[in-house]
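These notes concern the structure reproduced below.
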Amino acid sequence: MHKSPDSFERDLERAIALENNRITPRDPELAADRALKHELAGLGAAELPEGVKARARRTALAEQRGPWLLGIAAALVGAVVVTLVLQSPARSPSIVTPTARDLAELQLAFDTINRTGKRAGVLAGREVRESLVIPDLGLAELPYAGYVRPYFERPDRSG
Amino acid sequence: MGMKRRFEQLVDQHGSRLYQLARLMLGRDDEAEDVAQETLVKLWRSIEGLHAGRELPWLITCTRNACLDILRGRTRTRGLLQLVASENEALGPGNVTGPGDEFASGERARELRAALADMPEPARSLLILRDIQELDVATVAATLELSENQVKVYTFRARRQLRCRLEEESDAQVA
Numbered sequence: 403m404h405k406s407p408d409s410f411e412r413d414l415e416r417a418i419a420l421e422n423n424r425i426t427p428r429d430p431e432l433a434a435d436r437a438l439k440h441e442l443a444g445l446g447a448a449e450l451p452e453g454v455k456a457r458a459r460r461t462a463l464a465e466q467r468g469p470w471l472l473g474i475a476a477a478l479v480g481a482v483v484v485t486l487v488l489q490s491p492a493r494s495p496s497i498v499t500p501t502a503r504d505l506a507e508l509q510l511a512f513d514t515i516n517r518t519g520k521r522a523g524v525l526a527g528r529e530v531r532e533s534l535v536i537p538d539l540g541l542a543e544l545p546y547a548g549y550v551r552p553y554f555e556r557p558d559r560s561g
Numbered sequence: 006m007g008m009k010r011r012f013e014q015l016v017d018q019h020g021s022r023l024y025q026l027a028r029l030m031l032g033r034d035d036e037a038e039d040v041a042q043e044t045l046v047k048l049w050r051s052i053e054g055l056h057a058g059r060e061l062p063w064l065i066t067c068t069r070n071a072c073l074d075i076l077r078g079r080t081r082t083r084g085l086l087q088l089v090a091s092e093n094e095a096l097g098p099g100n101v102t103g104p105g106d107e108f109a110s111g112e113r114a115r116e117l118r119a120a121l122a123d124m125p126e127p128a129r130s131l132l133i134l135r136d137i138q139e140l141d142v143a144t145v146a147a148t149l150e151l152s153e154n155q156v157k158v159y160t161f162r163a164r165r166q167l168r169c170r171l172e173e174e175s176d177a178q179v180a
C-alpha cells in the first residue's frame, strides 16, 4: 500500500476507469482486473442461519426482561417490608398484669430456690470444711454481711 | 420506532452480510455463526446509542474486529503451515457451502475463497466489502477509517494482488 504519490494518482485514475467501465484494449491488465471483479461479485450471498437469528433474539429478549423482572421483584420485596413494618405495632405483646395467684406462685418459686440453694451450700460446706482454710473475708465490712455470714458459720448455727 | 423493532429490522437487513463477511474472513461456518451472533447481541446492547444510518459501519467493524481477534489467536497457537492446511481444508466444499451459495461448490469459487483468506488485511476486507458485497465507497471508508480515494486505490491494488496470486498458483499447477 505504501507507494509514491504518483503511483497513487495513477492507480486512482485506473480504479475510477474500471469502476466506470472505461477500459481500452491497450490495457489488458485492467480488463483482467475487471474480470476478476465480476468473478468475486458472483461468489454469492450467504444467508444468516435461522438458528443464529433466533439465538440473538432470545438473548436480546432475556436481557430486555431482566430489568423488568428485577423491578417486579424489588416491588414485591418492598411491599412485604412495608406490610411487616405497618403490622408490627399490632403484634407487639401487651403488658400483662399478674394476678395475685401468679405472684404467689412466683414467690413460692423464689423461696424454693433460696431454700434449696442454702441447703446445697450447707452440705457442700460440711464436706469441704475439713480441707479448707477459710480466709478472713472481712465480712463485717460488707453491707450484706448478714446474708452471707450464715454460709460460713458452724453447721449447727446455719440454715 | 421501538428498540426491539429497530433491532429486528437491522438483523433482517444486515445479518446475512455480517455472516458472509465472517465466513469469508475465517473460512469456517461454525466460527462465522458465533461471530455473527456475538455481533447481533452487541447490537442489541448498543442500539440505543447508535445513530440512524451509522449502524452498518458499526456492525461491519464489530464483525471484522471479532474475526481479526480469532485470526490472531490462530496465528498465535498454531504454526503457519498448519494454519494454511486447516484453512484450505475448511474452505473445501463441505465446509463453506450453504443455502443461497450457488457457486460454492465450484472449483474456481474454492480457489477464490482460499486465495482471499490468504490475503493480508485490509486488502482482504476491501475485496470482500467492495467486490463481493458491493458496498458503496463511503460506507467502506467509514468502516475502515480510510478516505474514499484510499478505498478506491487500495481496493484496486488488492484486486491486482489477488489476481497475481491466482495466476501464480495456476502457473504452478500447470508446471
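If you read the sequences in order, they're chains X and Y.
If you use our numbering, the first sequence corresponds to residues 403 to 561, in order.
If you use our numbering, the second sequence corresponds to residues 6 to 180, in order.
Note that the Cβ used here is the ideal one computed from N, Cα and C, for glycine as well.
Leaving out the 5 sequence neighbours to the left and right, which residues in its chain are closer than 7 angstroms to THR44 (chain Y) when beta-carbon positions are compared?
-> Locating residue 44 (chain Y) in the second sequence gives position 39, where the first residue counts as 1. The residues are LEU23, LEU64, CYS67, THR68, ALA71.
Counting Cβ pairs, one atom from each stretch, are 3 or more of them under 8 angstroms apart for the segment 121-140 of chain Y and the segment 163-175 of chain Y?
-> The segment 121-140 of chain Y is in contact with the segment 163-175 of chain Y.
Expressed to the nearest angstrom, what Euclidean distance is found between the alpha-carbon atoms of ARG412 (chain X) and ALA37 (chain Y)?
-> Position 10 of the first sequence, counted from the first residue, corresponds to residue 412 (chain X). Position 32 of the second sequence, counted from the first residue, corresponds to residue 37 (chain Y). Cα to Cα, ARG412 (chain X) sits roughly 37 angstroms from ALA37 (chain Y).
Can you give me, in chain order, the residues of the segment 147-165 of chain Y that have a beta carbon less than 8 angstroms from any beta carbon in chain X?
-> ASN154, LYS157, VAL158, TYR159, THR160, PHE161, ARG162, ARG164, ARG165
Looking at the structure shown, is GLU194 (chain Y) part of a helix, part of a strand, or coil, going by DSSP?
-> Outside the shown range of chain Y, which is 6 to 180, sits residue 194 (chain Y), and nothing can be said about it.
Listed by chain order, chain X residues near ARG28 (chain Y) by CB distance under 8 angstroms | Against the second sequence, residue 28 (chain Y) aligns to sequence position 23. Going along chain X in sequence order, the residues near ARG28 (chain Y) (Cβ under 8 angstroms) are ALA448.
Where does PRO125 (chain Y) fall in DSSP's three states?
-> Position 120 of the second sequence, counting from 1, holds the residue named residue 125 (chain Y). The answer is coil: DSSP assigns PRO125 (chain Y) none of H, G, I, E or B.
How would you list, in chain order, the residues of chain Y whose beta-carbon sits under 7 angstroms from the beta-carbon of LEU442 (chain X)?
-> If you number the first sequence from 1, residue 442 (chain X) lands on position 40. The answer, in chain order, is LEU117, LEU132, ASP136, ILE137.
Is there a Cβ from chain X that is less than 8 angstroms from the Cβ of ARG168 (chain Y)?
-> Against the second sequence, residue 168 (chain Y) aligns to sequence position 163. True, the Cβ-Cβ gap to chain X drops below 8 angstroms.
Which first and last residues belong to the alpha helix (DSSP H) in which ASP429 (chain X) is found?
-> In the first sequence, counting from the first residue as 1, residue 429 (chain X) sits at position 27. If you look at ASP429 (chain X), you'll find it isn't in any alpha helix (DSSP H); DSSP assigns it neither H nor E.
Quick one: what does DSSP say ALA62 (chain Y) is sitting in, helix, strand or coil?
-> Stepping through the second sequence from its first residue, residue 62 (chain Y) is reached at position 57. In the sequence under discussion, the amino acid at residue 62 (chain Y) is Pro, which differs from the Ala named in the question. The answer is helix: DSSP assigns PRO62 (chain Y) an H, G or I state.
Secondary structure of ASN580 (chain X), DSSP reduced to three states = Because residue 580 (chain X) is not part of the residues shown, which for chain X are 403 to 561, the question remains open.
Starting from ALA37 (chain Y), follow the alpha helix (DSSP H) in both directions and report where the run begins and ends.
-> Translated into positions along the second sequence, residue 37 (chain Y) becomes position 32. Counting along the chain, the alpha helix (DSSP H) containing ALA37 (chain Y) begins and ends at 34-51.
If we cut at 8 angstroms on Cβ distances, does SER21 (chain Y) have a partner in chain X?
-> Here residue 21 (chain Y) is taken as the residue at index 16 of the second sequence, counted from 1. Output row for SER21 (chain Y): interface = yes.
Take the Cβ of ALA433 (chain X) as the centre, count every other Cβ of all protein chains shown within 10 Å, and call the residue buried at 16 or more, exposed below.
-> The sequence position of residue 433 (chain X) within the first sequence is 31, counting from 1. Its Cβ having fewer than 16 others within 10 Å, ALA433 (chain X) is exposed.
Does the beta carbon of ALA41 (chain Y) come closer than 8 angstroms to any beta carbon on chain X?
-> For this step, residue 41 (chain Y) is matched to residue 36 along the second sequence. It does; some Cβ of chain X falls within 8 angstroms.
Put ALA114 (chain Y) into one of helix, strand or coil per three-state DSSP.
-> The sequence position of residue 114 (chain Y) within the second sequence is 109, counting from 1. It is helical.
Along the alpha helix (DSSP H) that carries ALA57 (chain Y), what are the first and last residues, could you check?
-> In the second sequence, counting from the first residue as 1, residue 57 (chain Y) sits at position 52. From DSSP, ALA57 (chain Y) is part of no alpha helix (DSSP H); its letter is neither H nor E.
First and last residue of the uninterrupted alpha helix (DSSP H) at SER208 (chain Y) = Past the boundaries of the shown model lies residue 208 (chain Y); chain Y is included only from 6 to 180, so the question cannot be answered.
Apply the 10 Å Cβ neighbour rule to ALA462 (chain X) and answer buried if 16 or more other Cβ atoms are within range, or exposed otherwise.
-> The sequence position of residue 462 (chain X) within the first sequence is 60, counting from 1. Classification of ALA462 (chain X): buried, given that the 10 Å Cβ count is 16 or more.
Measuring only between beta-carbons, confirm whether ILE418 (chain X) sits less than 8 angstroms from chain Y.
-> Counted from its first residue, the first sequence places residue 418 (chain X) at position 16. Yes, its Cβ sits closer than 8 angstroms to a Cβ of chain Y.
Are there three or more Cβ pairs, one per stretch, closer than 8 angstroms when the segment 445-456 of chain X is compared with the segment 16-32 of chain Y?
-> yes
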